[in-house]
Every structure is written in C-alpha cells, then in structure tokens.
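The opening position of the sequence shown corresponds to residue 5 in this note's numbering, with each subsequent residue numbered one higher.
Worksheet: the structure to be examined is printed underneath.
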Amino acid sequence: MTSIDPSILAKAESWLAGNVDEQTKSTIRTLIKENPKELIDSFYQDLEFGTGGLRGLMGVGTNRMNVYTIGMATQGLANYLLKCFPNQEIRVAITHDSRINNTLFATTTANVLTANGIHVLYFRDMRPTPMLSFAVRHFGCKSGVMITASHNPKEYNGYKAYWEDGAQVVAPHDKNIITEVQKITSFDQVNFDKNDALFSYIEEDFDAIYLEKVKGLSLSKGAIEAQKDMPIVFSPIHGASGKMVPAALRGFGFENINIVKEQAEPDGNFPTVIYPNPEEAEALTLSLKLGKEVGAELVLACDPDGDRYAAAVPNASGEFELLNGNQTGSLLTYYLLSRWKEAGKLDGNQFIVNTIVTTELIDEIAKGFDVTCFSVLTGFKNIASIILELEGKKKFICGGEESYGYLVGDFVRDKDGVSACAMVAEMIAYYKTQGKTVFDVLAEIYTQYGFYKESLISVTKKGKDGAEQIQALMNGFRTNPPTEMNGIPVERIVDVKESTITYVKTGKTEKLDMDKSNVMQFYLEDGSKISARPSGTEPKIKYYFSVNRPLENVADYRKKEAELAKKLEGLKEYFS
Numbered sequence: 005m006t007s008i009d010p011s012i013l014a015k016a017e018s019w020l021a022g023n024v025d026e027q028t029k030s031t032i033r034t035l036i037k038e039n040p041k042e043l044i045d046s047f048y049q050d051l052e053f054g055t056g057g058l059r060g061l062m063g064v065g066t067n068r069m070n071v072y073t074i075g076m077a078t079q080g081l082a083n084y085l086l087k088c089f090p091n092q093e094i095r096v097a098i099t100h101d102s103r104i105n106n107t108l109f110a111t112t113t114a115n116v117l118t119a120n121g122i123h124v125l126y127f128r129d130m131r132p133t134p135m136l137s138f139a140v141r142h143f144g145c146k147s148g149v150m151i152t153a154s155h156n157p158k159e160y161n162g163y164k165a166y167w168e169d170g171a172q173v174v175a176p177h178d179k180n181i182i183t184e185v186q187k188i189t190s191f192d193q194v195n196f197d198k199n200d201a202l203f204s205y206i207e208e209d210f211d212a213i214y215l216e217k218v219k220g221l222s223l224s225k226g227a228i229e230a231q232k233d234m235p236i237v238f239s240p241i242h243g244a245s246g247k248m249v250p251a252a253l254r255g256f257g258f259e260n261i262n263i264v265k266e267q268a269e270p271d272g273n274f275p276t277v278i279y280p281n282p283e284e285a286e287a288l289t290l291s292l293k294l295g296k297e298v299g300a301e302l303v304l305a306c307d308p309d310g311d312r313y314a315a316a317v318p319n320a321s322g323e324f325e326l327l328n329g330n331q332t333g334s335l336l337t338y339y340l341l342s343r344w345k346e347a348g349k350l351d352g353n354q355f356i357v358n359t360i361v362t363t364e365l366i367d368e369i370a371k372g373f374d375v376t377c378f379s380v381l382t383g384f385k386n387i388a389s390i391i392l393e394l395e396g397k398k399k400f401i402c403g404g405e406e407s408y409g410y411l412v413g414d415f416v417r418d419k420d421g422v423s424a425c426a427m428v429a430e431m432i433a434y435y436k437t438q439g440k441t442v443f444d445v446l447a448e449i450y451t452q453y454g455f456y457k458e459s460l461i462s463v464t465k466k467g468k469d470g471a472e473q474i475q476a477l478m479n480g481f482r483t484n485p486p487t488e489m490n491g492i493p494v495e496r497i498v499d500v501k502e503s504t505i506t507y508v509k510t511g512k513t514e515k516l517d518m519d520k521s522n523v524m525q526f527y528l529e530d531g532s533k534i535s536a537r538p539s540g541t542e543p544k545i546k547y548y549f550s551v552n553r554p555l556e557n558v559a560d561y562r563k564k565e566a567e568l569a570k571k572l573e574g575l576k577e578y579f580s
C-alpha cells in the first residue's frame, strides 16, 4: 500500500473541507482509500506556468486542470491586473479550442474576471490561438486567455495567459501571477460571482479583420495566380482551425482546397488519431490518403488550437514526405529573405528569431542575407519578447521553432499556423513557377549554407516519481558530464541554467549571456549538437540532435542525407 505524505494528505483534506462540489469531494475520498498513488500525483504540487502557460491532466487536485485550479489562476491573474493597471478599464479577451471542458473552463475564467470588475471580450465561437493573440492587441486588452492544451493527448487541458503585447506572459509577469495565486489559501477567496454587464462577445466580423492582415503577408501574387488550381489538402485534426486556414488559403488566391471530412468537425476526443499532433506522421494518415486521391501537391494540417502546422509534399517517387519543423522553418526563412531581397527591402534594419534547439541552418541563412538572427530560449513567448523589445527600432520578418511553430509579420505575437499554412502554399507555388520542387530548393540551401539534419527523442515519465527521475537525469549531466558521446569527443558544454560554457579539454569556462533555463547543450568535435531539456508540461525530457556536413553539389543531396541519418541514429542509440 502506497503511503501518503502528510503534507499531501493535508492538501487533499483542505479540499474536502473547502467550498468545492460534492462530486469532487467524493472522488478525493475514493482516491484516498483506493488509489493513493493517483492522489499523490494529483496533489503533490500546484500547476505552474511553463513555456506554454498552465497545462496538465484534467481531474481533481492542485496538480490537475479543473474549475478550481482555473478559478485560482484567474483570481491571481485578476489581482495582478488590478495592481498593474489601477483606476483603468481592464479588458481581457478569451477563447478556446475544441478540447473537453473547454467551454466550462473558458466561462469559469470569464466569470471570475467579470466578478473582479474586469471587462471580458469572449469569442462567440472557438477560434485558433493566433486570433486570440491578435485580438488582445486589436481591442487594446491588457491580457488574454486561451483555453487549450495545444497538441497534447485528449486527457489534457490548459490555460495560456497573454499580456497586453499579445504574447504569452513572461518574466516578471508569469512569476508575479503565480505569486498572486499562491496568496489564495481558500476557495472562498476566489470570486466566482459573475457580472454579466462586463461580458461582451467578439463576433464573426472579427475574422475578416484578421484574414485581411494574413492576406497582406503575401509576396508572390503572380505565382499564386499561375498556380491557383494547385491541389491542396488540409486537416484541422478536429480542432479550431477548420474555418480559418481554408479562408486564408482562399484569401491568398488558392482555389483547389480539399478538406479532410473525417477530421473537419471539432471534437475533443480526437477520434481519428492517437495524438492530435501534426508532428506525428500517424496524425496525417487521413490527410495523406486524401492527398493521394486528389493528386495533391501539398498536404497541410494544424494542431487543435491552430498555432502549429505541418506540411507534406510528394517526393521524386510520388510518395508524400512529411517535412519536419526545421526543414519548413528553413525553407520559409530562405523564401521570405529571398523575396524581401528581390524587392529591395533588406537594408540592414530587419531581423529574424529562432530558438536554441532549432536548426542552426536558419542562423546561417540569415548570415547569408546579412540579416540579424536572434537565438532565444524555447517557447514562442521568448521570440515575442524580442519583437516587443525591438518594436519601432527594427523590422521583424519571421521567426520559428523546430516544433512546427512559425510566425510571419508581427501583428500576431505567437506562432500562427493559419498564416504559416498560407505562406507554405505560396512558397511552393512560387518555386513551382520556376520549375523547382521543395527538395530542389532544400538541396540549394544545403549547398549554400551546409547540410543540417535534426532529430528528436522524447522520454516521458509518470507523476511525482517521473519528475524526480527527470531531475536526476539533469543533475547527472551536471555532476558527471560526458566527455564523449557515441565515440565522438565533446568539445564544449553549455549549461543554460548555470549560465556557463565549459570547454572540456581545457576545463576553461565562460559566462553565458542568456536567461536561465534548465537546458544543457553538448557540442561535439565533429560539429554535432545535442540539447537536453525537461518539458514544463509533464515529466518529460527532450533530446534534440543536430548533425551537419558540407554539401558540395546538389547531386549528393540524398547520399549525404543517408550518411547523416546514420550518424543521427548512432547518437540517439547512445541516449536510449
């Protein structure tokens, strides 16, 4: 029988004594008697804001997503907003995607905010995350809330909090909101007594405003006109982007758009996929099937909240090949910078942004165009921070991360799967008019800037024990760092948490000028790079692998790719 730590049991009993509904209390009593391990996992910690905000499994307890943790988070947000903007009208935009309990959690958020004298602008219908980000700035809101767990399994939900710049909250606001939440020691301190007078809807006419902004990103209208009948397949994977992506594609000028009917309707159970994650090839099974049926030249899909996208294109054998986030990010960056240069718009006052675990090929492309590239910590909110910092000083062109997140232009301050889908389609149409495929362009990029190939391993653990195992892994890297990996000497180790760069042979250390985060990066003598980063969402550690070699001519593309793939597998086996 699993014993329950007294402090954890006390937290559970405080819920039993608190002002919570009887069904929740009954579930807690059952867990105490019959499933103490689940009780421990449900109460051993409080949900905290990570790179994606508040996110976790749905259920009872302080470590679960439910109306009480939502209420406490929102009360903390309300208290902080009232402190930051005294004697001002405070408006907060709210929407959600298709997940289970999303309407309940969104209306709970709205109720608590209006109860605290804050005006809520509530989307009439579910909409993608980038539209929430845009709405915050468009309507002059001080904050925004998106109820979603992005691409996580159906058991999860989440709460993305945004600040007045339209970006997810960053320091000091994220920690300050948590501080306000931690001051709430009783549910009686959460004001659920809604004020309908402070509640209003954002109607469908807002769609046209957003779509007009997306349309304005287009750089190759002539190419689209020439390729307007190019067959495109799209799937929202049962999520919130089912209306907006097709509308954006049509706004760009594409006319032959085929929707995956089995995945068109919003459904939080995600019945046709194992995980609603476009990074996983399995999630695109139905999309690729339709793509073959209609002879598509591009297959697109978005995750449930529409901020991530995926693209697949036919290769030389006619089989669809799923491009990874590093490939699409590199292609889009190369396309955008090329078109800006052709238009004479690059004058040294532009910049792009990527993250430290994203391919360094993007950095090399930026250097080739004499455009500044900033590298930031994982999480799109860190990309948005650079945009805000340089607003009015330098022009943001684009930014992205390896996990299928990309942003073109700055009217949205989060990754935008809607505009990214439209821009990928335009890019393919543009190169098609030149007689080039995506793989032709990739080969050109690799020849100019070096051939980079990346991969990822995610190791997931469960509950409190899993979190401790992940922490032990990271501690092991720091206390006993490897001097070689798969027979390849380690040249230097970057510890982002300790702000150090250590050169292994000499032991010399340097100061790292970057915000702290629990990330370690190992640079090998052959140019390979491995990054280890625990996920903030669940007990998980991610290993990012990158290898590169010069590519002397385009004809060597596939041969060199096979060599690098073999090298990647060797490194992955080392960590497995």
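All C-beta atoms, glycine included, are put in the ideal place defined by N, C-alpha and C.
What is the DSSP secondary structure of residue i, counted as helix, strand or coil?
i: Lys198; result: coil
i: Arg417; result: coil
i: Ile369; result: helix
i: Tyr205; result: strand
i: Glu364; result: coil
i: Pro132; result: coil
i: Pro270; result: coil
i: Lys570; result: helix
i: Asn3; result: Since the first residue of the chain shown is 5 and the last is 580, residue 3 is not available in this structure.
i: Leu394; result: coil
i: Lys29; result: helix
i: Val174; result: coil
i: Leu51; result: coil
i: Tyr279; result: coil
i: Lys15; result: helix
i: Thr464; result: strand
i: Pro40; result: helix
i: Lys544; result: strand
Since residue i and residue j are thought to touch, with beta carbons under 8 Å apart, how far apart are those beta carbons, to the nearest angstrom?
i: Lys457; j: Leu568; result: 4 Å
i: Asn180; j: Asn105; result: The Cβ separation is near 27 Å, so there is no contact.
i: Leu136; j: Gly121; result: The Cβ separation is near 22 Å, so there is no contact.
i: Thr359; j: Gly333; result: The Cβ separation is near 10 Å, so there is no contact.
i: Phe143; j: Ala171; result: Not confirmed; about 15 Å, so no contact.
i: Ile94; j: Phe47; result: Between Phe47 and Ile94 the Cβ distance is about 32 Å, and since that is not below 8 Å, they are no contact.
i: Asp490; j: Tyr578; result: Here the sequence assigns Asn to residue 490, which means Asp is not the residue at that position. With 8 Å as the limit, Asn490 and Tyr578 qualify as a contact, their Cβ atoms being about 4 Å apart.
Less than 8 Å between the C-beta atoms of residue i and residue j, yes or no?
i: Asn281; j: His155; result: yes
i: Ile401; j: Leu326; result: no
i: Val24; j: Phe196; result: no
i: Asp309; j: Met150; result: yes
i: Ser204; j: Leu125; result: yes
i: Lys345; j: Phe378; result: no
i: Leu460; j: Tyr548; result: yes
i: Arg141; j: Thr99; result: no
i: Asp169; j: Leu381; result: no
i: Ser389; j: Cys306; result: no
i: Leu336; j: Met234; result: no
i: Glu207; j: Leu61; result: no
i: Asn532; j: Val500; result: Note that residue 532 is Ser in the sequence shown, not Asn. Against a cut-off of 8 Å, the Cβ pair of Val500 and Ser532 comes out as no contact.
i: Ala212; j: Ile241; result: no
i: Ser423; j: Arg312; result: no
Based on DSSP bridge pairs, tell me the residues matched to residue i.
i: Ser550; result: Glu458, Lys533
i: Ser503; result: None; Ser503 has no bridge partner.
i: His100; result: Ile151
i: Gly162; result: Arg59
i: His123; result: Arg95
i: Lys515; result: Thr504
i: Met489; result: Ile492
i: Glu4; result: Within the shown structure, residues of the chain are numbered from 5 to 580, placing residue 4 beyond reach of any answer.
i: Tyr313; result: Cys306
i: Ser379; result: Asn358
i: Ile236; result: Ile261, Leu302
Whose C-beta lies closer than 6 Å to the C-beta of residue i among residues of the same chain, with five residues either side of it excluded?
i: Val237; result: Asn262, Ser291, Leu294, Gly295, Ala300, Val303
i: Ala471; result: Pro543
i: Asp420; result: Pro134, Leu411
i: Thr118; result: Val124, Lys198, Asn199, Leu202, Phe203
i: Gly467; result: Asp45
Within the same chain, show all residues whose beta-carbon is closer than 7 Å to that of residue i, passing over the 5 residues directly before and after it, in chain order.
i: Val116; result: Gly75, Thr78, Gln79, Ala82, Val194, Asn195, Phe196
i: Leu477; result: Ile545
i: Leu215; result: Ala251, Ala252, Gly255
i: Gly257; result: Lys225, Ile228, Glu229, Lys232
With a CB to CB cut of under 8 Å and the five nearest residues on each side skipped, what residues in its chain are close to residue i?
i: Pro486; result: Val494, Phe526
i: Thr112; result: Val71, Ile74, Gly75, Thr78, Phe196
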